[in-house]
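Asks: If you're matching positions, the sequence shown starts at 1 in full-length UniProt numbering and goes up one per residue.
Backbone N, C-alpha and C fix where the C-beta goes; we use that ideal spot for every residue, glycine too.
Everything numeric in this text was worked out from a predicted model, so none of it was measured.
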Amino acid sequence: MKKILNADVSNVVEEMLAGYLSAYRRYYKKIGEYNAFMYKGHRKDKVALVIGGGSGHEPLFSGYCGAGLADGVACGNICASPNPELIYETAKAVDQGKGVLFIYGCYAGDNLNFDMAEELCRADGIQTAHVRVWDDCASAPKERITDRRGIAGDVFVIKTAGAACDAGLAFDEVVRIAEKARDNINTIGLATSPGTLPGNDKPTFELPEDEVEFGMGLHGEPGIERTKMKPADELVDRMYEELKAEMDLKTGDEVAVLVNGLGSTPLLELNIVYYDLHRRMAADGLKVHDAEVKTYCTCMEMGGFSITILKLDEELKQFYDAPCYSPYYAKGELTGAVSAADDGEEEEEPEFDETDVDEAVIVRSKEGVLDRLNAADARNMLLYIADKIIAAKPYLTEIDSVIGDGDHGIGMAGGMQKAKKKLLQMQDATNVYALFEAAGKAMLMSMGGASGVIFGSLYLAGAKDMEPKEELTAADLAAMERKSLLAIQERGKAEVGDKTMVDALAPAVEAMEREASGSLLDMLNAAEEAARQGMEDTKKYIARFGRAKSLMERAIGHQDAGATSVWLIFQGMREFVEGR
Numbered sequence: 001m002k003k004i005l006n007a008d009v010s011n012v013v014e015e016m017l018a019g020y021l022s023a024y025r026r027y028y029k030k031i032g033e034y035n036a037f038m039y040k041g042h043r044k045d046k047v048a049l050v051i052g053g054g055s056g057h058e059p060l061f062s063g064y065c066g067a068g069l070a071d072g073v074a075c076g077n078i079c080a081s082p083n084p085e086l087i088y089e090t091a092k093a094v095d096q097g098k099g100v101l102f103i104y105g106c107y108a109g110d111n112l113n114f115d116m117a118e119e120l121c122r123a124d125g126i127q128t129a130h131v132r133v134w135d136d137c138a139s140a141p142k143e144r145i146t147d148r149r150g151i152a153g154d155v156f157v158i159k160t161a162g163a164a165c166d167a168g169l170a171f172d173e174v175v176r177i178a179e180k181a182r183d184n185i186n187t188i189g190l191a192t193s194p195g196t197l198p199g200n201d202k203p204t205f206e207l208p209e210d211e212v213e214f215g216m217g218l219h220g221e222p223g224i225e226r227t228k229m230k231p232a233d234e235l236v237d238r239m240y241e242e243l244k245a246e247m248d249l250k251t252g253d254e255v256a257v258l259v260n261g262l263g264s265t266p267l268l269e270l271n272i273v274y275y276d277l278h279r280r281m282a283a284d285g286l287k288v289h290d291a292e293v294k295t296y297c298t299c300m301e302m303g304g305f306s307i308t309i310l311k312l313d314e315e316l317k318q319f320y321d322a323p324c325y326s327p328y329y330a331k332g333e334l335t336g337a338v339s340a341a342d343d344g345e346e347e348e349e350p351e352f353d354e355t356d357v358d359e360a361v362i363v364r365s366k367e368g369v370l371d372r373l374n375a376a377d378a379r380n381m382l383l384y385i386a387d388k389i390i391a392a393k394p395y396l397t398e399i400d401s402v403i404g405d406g407d408h409g410i411g412m413a414g415g416m417q418k419a420k421k422k423l424l425q426m427q428d429a430t431n432v433y434a435l436f437e438a439a440g441k442a443m444l445m446s447m448g449g450a451s452g453v454i455f456g457s458l459y460l461a462g463a464k465d466m467e468p469k470e471e472l473t474a475a476d477l478a479a480m481e482r483k484s485l486l487a488i489q490e491r492g493k494a495e496v497g498d499k500t501m502v503d504a505l506a507p508a509v510e511a512m513e514r515e516a517s518g519s520l521l522d523m524l525n526a527a528e529e530a531a532r533q534g535m536e537d538t539k540k541y542i543a544r545f546g547r548a549k550s551l552m553e554r555a556i557g558h559q560d561a562g563a564t565s566v567w568l569i570f571q572g573m574r575e576f577v578e579g580r
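1. Count the other CB atoms within 10 Å of the CB of Ala494; is the residue buried (16 or more) or exposed (fewer)?
2. My output table needs one value for Ser519: the three-state DSSP class, helix, strand or coil.
3. Give, in chain order, every unbroken run of the beta strand (DSSP E) that is at least 3 residues long and sits entirely within the region 71-120.
4. Using DSSP with H/G/I as helix, E/B as strand and the rest coil, what is Thr564?
5. For Asp377 and Arg364, what's the separation of their Cα atoms in angstroms?
6. Measuring CB to CB, does Ile145 end up less than 7 Å from Ile103?
7. Exposed or buried, which one is Ile31 when buried takes at least 16 other CB atoms within 10 Å?
8. Give the range of the beta strand (DSSP E) segment to which Met38 is assigned.
9. How is the beta strand (DSSP E) around His289 delimited, first residue to last?
10. Which word fits residue 582, buried or exposed, when buried means at least 16 other C-beta atoms lie within 10 angstroms of its C-beta?
11. Express the C-alpha separation of Gly153 and Lys331 in angstroms, rounding to a whole number.
12. What does the alpha-carbon distance come out to for the pair Glu246 and Ala463?
13. Identify the residues that DSSP records as bridge partners of His219: which are they?
14. Okay, do the region 427-442 and the region 226-243 touch, 3+ Cβ pairs below 8 Å being the bar?
15. With burial defined as no fewer than 16 other Cβ atoms inside 10 Å of the residue's Cβ, what is the status of Ala563: buried or exposed?
16. At which residues does the alpha helix (DSSP H) containing Ser365 begin and terminate?
17. Leu444 lies in the beta strand (DSSP E); which residues open and close that run?
18. Count the other CB atoms within 10 Å of the CB of Glu33; is the residue buried (16 or more) or exposed (fewer)?
19. Quick one: give me the first and last residue of the beta strand (DSSP E) that Phe156 is part of.
20. Any Cβ of chain D within less than 7 Å of the Cβ of Ser55?
21. Can you tell me whether Phe305 is helix, strand or coil according to DSSP?
22. Using CA atoms only, rank isn't needed, just tell me which of Thr160, Asp166, Phe171, Gly195 is closest to Asp183.
23. Give the DSSP-derived three-state secondary structure of Asn260 in the structure shown.
24. Strictly by DSSP, which residues pair up with Ala191?
25. Label Lys393 either buried or exposed according to how many other C-beta atoms from any shown protein chain fall within 10 Å of its C-beta, with 16 as the threshold for buried.
26. Please state whether DSSP places Tyr27 in a helix, a strand or coil.
27. Which residues share a DSSP beta bridge with Ser401?
28. Anyone know if the C-beta pair for Lys420 and Ala391 falls short of 7 Å?
29. What's the gap between the Cα of Leu21 and the Cα of Lys29?
30. Whole angstroms is fine: what's the gap from Gly440's alpha carbon to Gly411's?
31. On the DSSP letters alone, give me the boundaries of the alpha helix (DSSP H) that His408 sits inside.
32. Report the partner residues of Ile185 according to the DSSP bridge assignment.
33. What are the boundary residues of the alpha helix (DSSP H) that includes Arg491?
34. Mark Ser189 as exposed unless 16 or more other C-beta atoms lie within 10 angstroms of its C-beta, in which case mark it buried.
35. Quick one: residues in its chain with C-beta nearer than 7 Å to the C-beta of Ala74, no 5 flanking neighbours on either side, listed in chain order?
36. Going by Cα to Cα distance, which pick from Lys294, Leu270, Gly263, Glu206 is closest to Ala232?
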């Protein structure tokens with residue numbers, strides 16, 4: 001797939017934001033060194049609204065910051081949640097002492113990272129709440145509504161909540177209005193062709209030229225029905241009937257409608273979609289208060305469209321109708337202009353090249369097999385593992401592309417690169433736990449998505465709050481990994497059999513504990529084999545978490561990418577200790 005990108009695709013988000021903020025510098029200000037920005041004209045007497053999610057869905061989320069909309073935006077990597085630090089710094093930048101409301105789509109990675117950011121905010125005394133948007137009615141049945149995905153309905157929730165904030169409502173009232181909007185919105189999508197993520201050769205899913213799929217998610221998550229291509233009115237009828245039944249729409253109901261292109265579908269076709277949709281709604285006696293037809297929420301060059309309906313009452317209507325402005329979304333007469341004094345060039349941030357990491361020279365404290373890890377050995381082992389995972393990026397990407405969205409390899413490689421950069425600055429460290437903690441924190445604060453929280457915790461949680469130690473025995477390492485496993489399961493709620501990294505980590509930790517009284521190498525041999533078997537076992541499971549869960553039985557036969565990374569990490573530990 002041809003893409004207009006620069007040679008180093010790892011910088012696509014940074015470069016995209018640099019272009020956006022340069023073009024619209026009159027309205028926006030970058031927040032420190034983070035992939036985040038704020039509206040320059042945000043008022044100082046109201047609840048602050050922060051939105052965010054993975055990049056690659058533009059204009060969501062970056063296009064919905066401005067007057068009457070969000071005050072700040074936290075932008076994750078491509079199709080990956082922003083990390084907790086990024087979200088936290090965005091909240092701090094826009095907080096005016098009235099509290100911060102977070103709005104984001106309901107995905108495992110976003111839920112984990114925003115939850116952690118809220119914990120950081122509350123520790124600083126910032127009042128917070130969140131509204132997770134779950135408008136995709138095709139992604140789970142109504143009785144499991146909190147498992148549904150957030151897609152184009154985000155736009156209407158952000159619009160309504162932004163108006164409630166600007167109206168000066170109290171914190172609890174703003175949250176109530178945002179939740180009310182969320183609970184009266186439903187969306188269904190239709191895919192005609194896939195998108196391709198930067199750095200990936202393969203599209204996010206495969207769809208024959210003569211077929212479409214109803215209910216497919218933005219990242220290629222399976223929908224509810226795949227069928228031959230049909231005329232527009234027949235496609236719209238099928239989608240409208242789903243929404244009508246889901247929302248119990250009746251004659252006289254007043255609605256706002258969003259017809260959204262998923263990336264490559266032209267306006268000509270989107271307007272035909274609305275033409276057919278409006279005829280159906282008029283025949284049913286629905287009152288269309290307002291309609292929007294454009295591209296609002298995408299996945300790269302994915303083809304197709306979605307239909308979003310917001311059921312209005314008088315209360316919601318006043319917030320929906322309130323003026324707002326951003327370069328990509330506006331209502332009423334607001335221009336979004338700020339004072340001329342603010343219309344200056346922003347100080348240019350130095351570019352950060354994620355590949356700008358010195359080559360690591362891996363050195364062991366002695367020849368042959370190591371029987372324990374001193375600080376220098378632990379640091380070099382972590383560097384060795386980082387290089388191993390970075391080299392495995394294509395392999396992990398290929399695995400994840402089958403039942404996920406193909407970004408696991410990119411995320412793991414990026415996180416390990418940041419861990420490596422931090423470790424290279426710690427050559428004089430003497431506390432072994434400090435090295436694991438630093439590596440884990442670097443991953444947590446850089447990767448985003450669920451993987452950032454989970455794999456960052458693999459190093460960080462086990463080492464955190466431990467008494468300093470100059471070397472680790474087999475028993476120490478086993479105890480550290482048990483602590484990490486408990487933290488990961490507490491945070492992510494996964495158990496063995498859920499087709500996650502826990503399927504490899506849990507048996508590896510059990511093997512370590514069985515062999516902890518023996519040699520370090522014997523213990524790691526056992527852990528590596530247990531992790532490998534756990535990874536193989538994921539092929540038998542139906543996924544219970546992440547984007548693969550919507551595949552149901554179709555996920556059987558494919559291994560989990562996270563479990564594969566765990567196996568590679570334990571393999572790296574064993575290889576380093578053995579002296580390979």
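Replies: In brief:
1. buried
2. coil
3. 72-78, 100-105
4. helix
5. 6 Å
6. no
7. buried
8. 36-39
9. 287-294
10. Absent from the model: residue 582. The displayed extent of the chain is 1 to 580, so no value can be given.
11. 17 Å
12. 48 Å
13. Answer by DSSP bridge pairing: none, since His219 is not bridged.
14. no
15. buried
16. Note, Ser365: premise wrong, no alpha helix (DSSP H); not H, not E.
17. From DSSP, Leu444 is part of no beta strand (DSSP E) but of the alpha helix (DSSP H) over 432-447.
18. exposed
19. Note, Phe156: premise wrong, no beta strand (DSSP E); alpha helix (DSSP H) at 153-166.
20. The structure shown contains no chain D, having only a single protein chain.
21. strand
22. Thr160
23. strand
24. Glu213, Gly304
25. buried
26. coil
27. According to DSSP, Ser401 bridges with nothing at all.
28. no
29. 7 Å
30. 14 Å
31. 408-423
32. Leu310
33. 474-492
34. For clarity, residue 189 is Gly in the given sequence; the question names Ser instead. Flag for Gly189 reads buried.
35. Ala36, Val50, Gly52, Pro82, Leu86, Ile87, Thr90
36. Leu270
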